[in-house]
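K.L.:
This is the structure I have questions about; it appears just below.
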Ligand SMILES: [Fe+2]
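In this note's numbering, the protein residues as written are 249 to 424.
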């Protein structure tokens, strides 16, 4: 996290997010430290769980492990801060969109499968959706902690409009 703080301090742009992504890939090589058994999916939450590994006192630089037993989906959304997802186990499909909350309906521009040894990074305004089937264990790292972030933008498919949502689901704090 010290390395990531130092990268962030130089300013956030596409290159900086790429450096953060690479740093997390190095961390993910220590996958023995992050086994499924220590980060099990939460049966009471549709088989999903989010574990907080690290976060600064001022809410910046949050590192989580997302643990998904089988399936989960997140609609197109932004983050309002930089974000990186790096794979430990399983596969998380990330769809990228070339349209944001001010641009009308989202259009898929690219798709990337986050698997062990791969990852993806986003700038604050980038829009993605996630699709997991068959379970996955991933690092999710953000420039700001999810509970403290303002409401983020997401595409409501049923209402056919951009709306905002605040993260409310429980996060399991495993910082020692
Ligand atoms: Fe996201």
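For glycine and all other residues, C-beta sits at the position ideal for the given N, C-alpha and C. Just so you know, these numbers come straight off a predicted model, no measurement behind them.
Quick check on this structure: which residue in 259, 256 and 265 has the alpha carbon closest to the alpha carbon of residue 369?
P.N.:
Ranking 259, 256 and 265 by Cα distance to residue 369 puts 265 first.
K.L.:
Using only the heavy atoms of ligand 1, determine whether one of them is closer than 7 angstroms to the beta carbon of residue 331.
P.N.:
It does: the Cβ of residue 331 is within 7 angstroms (strictly closer) of some heavy atom of ligand 1.
K.L.:
In whole angstroms, give me the CA-to-CA distance for residue 404 and residue 353.
P.N.:
Cα-Cα distance, rounded: 9 angstroms.
K.L.:
Taking residue 417 as the reference, which of 335, 290 and 382 has the closest Cα?
P.N.:
It is 290 whose Cα lies nearest to the Cα of residue 417.
K.L.:
Classify residue 340: buried if its beta carbon has 16 or more other beta carbons within 10 angstroms, exposed otherwise.
P.N.:
When all chains shown are included, residue 340 counts as buried.
K.L.:
Check each candidate in 257, 424, 269 and 374 and name the one with the smallest Cα separation from residue 343.
P.N.:
The residue with the shortest Cα to Cα distance from residue 343 is 374.
K.L.:
Which runs of the beta strand (DSSP E) spanning at least 3 residues fall entirely within the region 260-303, listed in chain order?
P.N.:
Segments of the beta strand (DSSP E) lying fully in the region 260-303: 296-302.
K.L.:
Using only CA atoms, which one of 333, 351 and 348 lies nearest to residue 360?
P.N.:
When only C-alpha atoms are compared, the closest one is 333.
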